[in-house]
Structure formats: structure tokens, C-alpha cells
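Chains as they are written, first to last, in the working numbering: chain A, 384 to 755; chain B, 6 to 409. Think of the CB as a built atom: it goes at the ideal place given N, C-alpha and C, for glycine as much as any other residue. On a predicted model such as this, the values are computed, not experimentally measured, just so you know. This report refers to the structure that appears directly beneath it.
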């Protein structure tokens, strides 16, 4: 193959990857706004197009028409660079995504490590964006984001190690193959999924972990000074991240593209039906993300850090030990892992809430309301 | 201090904050190692900040996530309400009282009308008294719905759900009040010696139906957050107002009751027909953010009870003294009087001085939010930013009343 052909191919792949990110983000924005509106007993955007489906396209045009504004004191180069960098994570991660049977852009044998490596890009962009804005709210938001990323990358990695132990490989395709015949990892190792899910939501800066852009505390967090399409890039990335993270979760824990009628339609070696299963599972998880965001209040910074370092990291290590022991010593390793994981999950979920509340009530009594 | 964040021309409050930081640095306080420069950033929260509920401005000194110092700056909503009274007759001034604490305007009118009635020796009719209790308590429910909804919104995106549930139900109460008075926010309904209109036909049944439904709706609010571990973590043991603080700062209303002080002017200094009605004074034990939230929720239930009782006891008769028209011109004898009334946020007092003319010589408000705001300087420092927002949300300020 000629060298220039490789370049053309690379450009095509990059453009397609960006398209996927943009489309995913535009869909998710409308989807979330409608879903939130449904849960909050109101209408949501329903005027632009059929049931408001074109709303985010209209918003995008509005944002492109805005003034390209930059604060006078902001660092011009880095301030401009941050919205460009912020997309890289979401785009690059698609390189290893097992979309369907017979189609993975590149099946890297270090796929899991690659995922962790490239998700960090988003945080770098947020950090430099917040720093270069020269706004105190932006700075606090950016530093919160960095601290959060550092803390939650570790439990995420620990969860991925447990997955890799089960699959015996770091390749995403190997993980998907492992889960054929409805032996999804979420049934076998629910505790690993729990740790991954918490870490991934935190990584997305969403749900109860949206401290970097806590609107009631920091106005708009790291994005306070961004407007127009620069803000749009941060916004798009945030929503594309929902799809990307859900895709990874589906590939790792929900059987990837596995489902009924896998070989019904095959075009050029690429099966179509599994792709549908993949997207359906992804959007069920995206809905769960919206749901979680609506139903949980925001954590506080010290509680967030405490949860990561005092609870998630130790139980993550415990999880690895348990999974490894089960794989090593139990002949039917799936049964061993499942027994361990379900017991730990039930114990963790059952005990966490009452213990937390008991501690809170005890702490509360220590602060006297009647001073001497 | 970060030089890059130095504001070009610090205003008075900023200068005060800077001076305090400099003093602390000199004294070596606040830093773990004595003599080290403090890494403190002064941030302007407001007047346009999502969580200040209006135009309150807080000059906050931050040490990382920790709040070190808070200087509240008020006056952005100042509209000369007290001075306006001196240029208007007693009657003309009623609509302006609505605009002081606009979230509970019925109760504000009530306080003003009570003060003038006391000064002029007017006794309202009995039916009017009951209508006042009904509208006042409906307003209290609506006001607490705003308070609880926006407070939970400060904690989380979850709050957006709470806000919508609360505001949806508040709409129904406002619909009722609209039928009575013709307005949704600025009612202009109370008159000296009565109220402007009698209740419209069928209104009592509508109100009863809503009051029957209300406890379920309140349960719904509670079920949204009360058992949520993160919510409890964010609210329990945070921002404790001690009983000494309550006395020192003159805290009243739900904030004082959450600290275990059962001060309710409907009981302590009864006015209108409250002595004939049965209700509990809701109190908390710990005085923290959670208790203040819970006291408001409980008070909504009590208000529902009060409205139901008042509806049952509603007598027949005129709603205004004398003829069909309210007394437009009244000339109270020279003198002065103060009347405190239990507003949803605390003791809302009106002090009127009369020189015997048609105009008040002087009018002064005692606004509960103004007193509660004083606590910010004591309560907020030492907390995280997120806690500071939660605490200020739980104290429930309305800037219309503070700035007047």
C-alpha cells in the first residue's frame, strides 16, 4: 500500500470519529433534556422539529453565531487550545471500540490501558482551560477536576485490572469474546462493574460528581469564561463522553455487541445486527446516567476524595484479590468469581447506607446546639 | 495572594476583605506555619451568582476550598420603601408593602395592616380575620415551597426536580390566591378593618380539595431527599446555629425554631384569631441545615391544618368594617406602634409613627432576613464552599426584604 494511502485513510478515520462524537453529543443533549423534563414533570424542548429533535442543532448554530470573545487577561494560546484538546479523548478512544462483530478500528492488545491513557486528555484540557481563563471560579473548577481525575483514575484502573484478569488479555475484543452466550461480566463480576461505574461517572464529571462545574457554587466552573462555540466544544465533549463511557461499559460488562440474530445481516464481513444491540445497550446506560444525575445530590469535595481514597481504592484492591483467587483456585472460575462478587456487592450495598447514616447521626450529636 | 487575580479597583467590601487578610497574615494566624504568606483568594459571589437567590453579594475569602471570611454586601435591591411611606397615605402604601418580602407578600401586608389598625384602633370583622388566616397560611406554604425547592437546588441537580415539584404545587396555591385577590404575587388584598374582596363562590371547596391533597404532596417532597445518604451527608451537622446565636443575633422564624427555641409569634404574641386555632410549633433539636429544612417541611403541614380549621370555622358576615368600601383615608392619632407578625421567615415587624396626619410620619421594618443575614459572617467561615452555599440556602434569604 502506498504511503499516501495510509494518510488518506487516517484522515477519513479521524473525520468519521469526530462525526461520531458530534452526532452522539447532539443526540445526547436532546435526549437528556427530554428525559430530565419527563422526570421533572415538565415539557422540555419540543418545538424544534419532531418532538424537539433538532433542538441541539439549532443550539449549535446559535453558538457558532456568537461573538468569539476572550477575556483580556486570559492566556490567548492556551485559552484557545483547551477547547480543541478537550475532544481528543472522546475521539481517540474510538480506536479500540469493538463496535460490532468483525469491525474494530484497531484491536490493540493493550486496549484497556489505552482507554485509561486517553481519557486523561479531557482533564488536561479542562485544567488548562480553567487556568488560562484567569477567573477564580474557573480555577477552582479546574483544580477540582484535576483532583477528581487523579482520585478516580485509580479505582477505575483497579476495576479494569479485575476485568483483564477475567479475560486473560488487555484487548477489548478478548473481553467481548469472553462474554459470548449471555455470560456477561456484569452478572459474573457485579462488584467490578459497580466500582467501574462510580469511577466512570466521576470521570465524566456528571451525576453526583459534577463538582468541576457545580453551577450553584462555581457559576459554570471551568467554563465560566468560555462562550460561543468554545463553550460548545466543552459542552459537546461532556455529552459525547456519556456515550463513549457507556460504550466502554457495554463492551466490558454488558456483553459488547453480543445478542440474538448476530449473523442475520452481514455486509463485507461486518455484521449489522450486533451493532444495533451495541447501541441499544449503550443508550440504556446513557438513560441510567441521566437518571442518576437527576436523583442524587452533589457530593462535596472532601466527601468525594474520602470516598475515592478511603472506600473505593481499598475495595478495588480487595476485588482484585478475590477475583484473582477465584480464577486461580476455583476450577469453574466463573462460578467462583460470581459467588465472591455477588456476596461482596450485597454486603457493600447493604451495609454502606446504614453505616453512613449511623455515623452521620453520631457526628451530628457531637455538635452542641446549646452553648455553655 | 495571586497577583494575577488582583482586581483593578477594589471597592469598599473588597478592601475590607483584603485588609482582613493582611491583618491575619501579619498576625500569622490562619496559616499552619507561622509567618508564611497566606494563599487566600478573594472571590466575589454575586450579585449575579446562581445560588444567592437574588442580588446578595458575598465577598468571600477562600483558602483553597475553605471559606475563611465572608462579607455580605447588600443594597442592590434598595427601593426606598420606608421613605416612600412618608409621601403616601396609609391606604396608598399597601401595595408597596407587598414588594418588600415578595415571596410572602400576603404576610407582609398583614403585618402593615395590623400595625396601622392597632395605631388607629380599628377592629377588623370576624370573617375578615379568618380570611386573613387562610390567605396568610396559604402564602406560608407557598413561601416554604420556594424555600425548600431552591435550597435543595443549591445542593444538587436533583434540586431541579424538587424545584419543579414545589413550584408546580405552588402554582396551584397562587391560583387560589389569584381567585381571591386578582393577583398572583403582589396581592394588594388586605385593607384596614378587613380584606378587599369576599371569597368567590366555590372557593372554599377548591381550597379544601387542595388542602386534602397537600399532605401527600409534602410527603412526596420528603421522599425525594429525606432518606438520601448524600443529602444527609451534605446537611447533617453543618452550619449549626446555637441557641446563644439565636439570642445574640435576633434570629427568628424557622431558623430559630430549628435550634430548639419554640418562638412563634402566633403563639408568643398572638394576633388575629390564632388563639382559637390548634397548631403545633415545629422545632428541631440540632439547629443544623437538615433541621432547618425539616422544620420548614413540618410547618407546611401545620399550615395545612390551620387552613382547614379556619375553613371549618369560617363565619358569615361582612369582610370590611362599615360600608362596602374600605376606609380610604384614615388619620390615626399621634403616636407610634410596633407590631411583629410571624412571617414565613421570622418576625416581620412594622413600626409606624403617626403625627395625626393622613401620611405616616415614619415607617420602619424589622425584617427577619436582615437579622438572619448577620449570621453569615459567623456561620460560613470554616466551611467548604459547597457547605457555605448549602447553609446560605437553608437560611432562606429574600433580598427584597433586606434591601427594602
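Exercise for review: Starting from residue 346 of chain B, follow its DSSP beta bridges and name the residues at the other end.
Suggested key: According to DSSP, which records beta bridges pairwise, residue 346 of chain B is partnered with B:353.
**Study point:** Length at least 4, wholly inside the segment 74–115 of chain B: the alpha helix (DSSP H) runs in chain order
**Key:** Here the runs fully enclosed are 86–90, 99–103.
**Study point:** residue 68 of chain B - containing beta strand (DSSP E), residue span
**Key:** In the DSSP assignment, residue 68 of chain B falls within the beta strand (DSSP E) that extends over 62–68.
Check your understanding: Is the CB-CB distance between residue 408 of chain A and residue 626 of chain A below 9 angstroms?
Key -> Their beta carbons are under 9 angstroms apart, which means residue 408 of chain A touches residue 626 of chain A by this criterion.
Practice item. For residue 587 of chain A, name the three-state secondary structure that DSSP assigns. Key: Three-state DSSP puts residue 587 of chain A in coil, outside helix and strand.
Point to revise | 8 angstroms contact criterion, which residue 156 of chain B and residue 298 of chain B should meet: CB distance rounded | key: Contact flag correct, Cβ pair sits at about 6 angstroms.
**Study point:** Beta-carbon gap between residue 59 of chain B and residue 405 of chain B smaller than 9 angstroms
**Key:** Contact flag set, yes.
Practice item. Within the same chain, show all residues whose beta-carbon is closer than 8 angstroms to that of residue 122 of chain B, passing over the 5 residues directly before and after it, in chain order. Key: If we look at residue 122 of chain B and ignore the five residues flanking it on each side, its Cβ neighbours are 128, 129, 197, 198.
Review point. Where does the unbroken alpha helix (DSSP H) through residue 535 of chain A begin, and where does it stop?
Key: Its alpha helix (DSSP H) spans residues 519–550.
**Study point:** Residue span of the alpha helix (DSSP H) that contains residue 389 of chain B, given as start and end
**Key:** Per DSSP, residue 389 of chain B belongs to no alpha helix (DSSP H) and is neither H nor E.
Check your understanding: Does the segment 645–658 of chain A come within contact of the segment 482–494 of chain A, defined as at least 3 CB pairs closer than 8 angstroms?
Key -> With three or more CB-CB distances shorter than 8 angstroms, the segment 645–658 of chain A counts as touching the segment 482–494 of chain A.
Point to revise | residue 744 of chain A versus residue 300 of chain B: straight-line alpha-carbon distance, rounded | key: Roughly 17 angstroms separates the two Cα atoms.
**Study point:** beta strand (DSSP E) segment containing residue 365 of chain B, residue limits
**Key:** The continuous beta strand (DSSP E) containing residue 365 of chain B extends over residues 365–371.
Review point. Is the CB of residue 238 of chain B under 9 angstroms away from at least one CB in chain A?
Key: Any Cβ of chain A closer than 9 angstroms to the Cβ of residue 238 of chain B would place that residue at the interface, and such an atom is present.
Exercise for review: Give the secondary structure of residue 676 of chain A by DSSP, where H, G and I count as helix, E and B as strand, and everything else as coil.
Suggested key: It is helical.
Check your understanding: Exposed or buried, which one is residue 714 of chain A when buried takes at least 16 other CB atoms within 10 Å?
Key -> Classification of residue 714 of chain A: exposed, given that the 10 Å Cβ count is below 16.
**Study point:** Partners in chain A for residue 242 of chain B, counting only beta-carbon separations shorter than 8 angstroms
**Key:** Chain A residues near residue 242 of chain B: 743, 746, 747, 749, 750.
Check your understanding: Where in the segment 560–646 of chain A do unbroken runs of the alpha helix (DSSP H), each at least 4 residues long, occur, reported from the N-terminal end onward?
Key -> Qualifying alpha helix (DSSP H) stretches, in chain order: 568–571, 573–586, 598–601, 611–636.
Check your understanding: Is there at least one Cβ from chain A nearer than 9 angstroms to residue 176 of chain B's Cβ?
Key -> False, the Cβ-Cβ gap to chain A never drops below 9 angstroms.
Point to revise | Where residue 689 of chain A sits in the DSSP three-state scheme | key: In the structure shown, residue 689 of chain A sits in a helix (DSSP, three-state: H, G or I).
**Study point:** CB contact check: residue 364 of chain B to chain A, cutoff 9 angstroms
**Key:** Output row for residue 364 of chain B: interface = no.
**Study point:** Cutoff 9 angstroms: residue 169 of chain B Cβ touching any chain A Cβ
**Key:** By this cut-off, residue 169 of chain B is an interface position.
**Study point:** Beta-carbon spacing of residue 4 of chain B, residue 178 of chain B below 9 angstroms
**Key:** Chain B is shown from 6 up to 409; residue 4 of chain B falls before or after that span and cannot be answered.
Check your understanding: Just the Cα atoms here: how many angstroms apart are residue 345 of chain B and residue 588 of chain A?
Key -> Counting only the Cα atoms, residue 588 of chain A lies some 48 angstroms from residue 345 of chain B.
**Study point:** Positions along the segment 379–403 of chain B whose CB lies within less than 9 angstroms of some CB in chain A
**Key:** Here the close residues are 389, 390, 391, 392, 393, 394, 395, 398.
Point to revise | Same chain, Cβ closer than 6 angstroms to residue 723 of chain A, neighbours up to 5 away in sequence not counted | key: Around residue 723 of chain A: 705, 709.
Point to revise | Amino acids of chain A, ordered along the chain, whose beta-carbon sits closer than 7 angstroms to that of residue 58 of chain B | key: Those do not exist, as residue 58 of chain B stays about 10 angstroms from chain A at its closest Cβ, beyond 7 angstroms.
Review point. Residues of chain B with a CB under 8 angstroms from the CB of residue 773 of chain A: which are they?
Key: The shown model of chain A, from 384 to 755, leaves out residue 773 of chain A, and the question about it has no answer.
Exercise for review: Please decide whether residue 125 of chain B counts as near chain A, where near means a Cβ-Cβ distance under 9 angstroms.
Suggested key: It does not; no Cβ of chain A falls within 9 angstroms.
Exercise for review: Take the Cβ of residue 444 of chain A as the centre, count every other Cβ of all protein chains shown within 10 Å, and call the residue buried at 16 or more, exposed below.
Suggested key: Counting Cβ neighbours within 10 Å, residue 444 of chain A comes out exposed, since fewer than 16 surround it.
Point to revise | Span separating the alpha-carbon of residue 240 of chain B from that of residue 747 of chain A | key: Cα-Cα distance, rounded: 10 angstroms.
Point to revise | Element boundaries [beta strand (DSSP E), containing residue 46 of chain B] | key: Note, residue 46 of chain B: beta strand (DSSP E), 46–50.
Check your understanding: How big is the Cα-Cα spacing for residue 469 of chain A and residue 417 of chain A?
Key -> Looking at the backbone, the Cα of residue 469 of chain A and that of residue 417 of chain A are separated by about 26 angstroms.
Point to revise | Contact set between the segment 519–547 of chain A and chain B, restricted to residues whose Cβ is under 9 angstroms from the partner | key: Cβ contacts with chain B come from 519, 520, 522, 523, 526, 527.
Exercise for review: Leaving out five residues on either side along the sequence, give the residues of the same chain with a beta carbon under 7 angstroms from the beta carbon of residue 554 of chain A.
Suggested key: Close CB contacts of residue 554 of chain A within its chain, under the 7 angstroms cut and outside five residues either way in sequence, are with 490, 491, 492, 494 (chain order).
Check your understanding: Going by the beta-carbon positions, is the gap between residue 455 of chain A and residue 520 of chain A smaller than 9 angstroms?
Key -> Their beta carbons are not under 9 angstroms apart, which means residue 455 of chain A does not touch residue 520 of chain A by this criterion.
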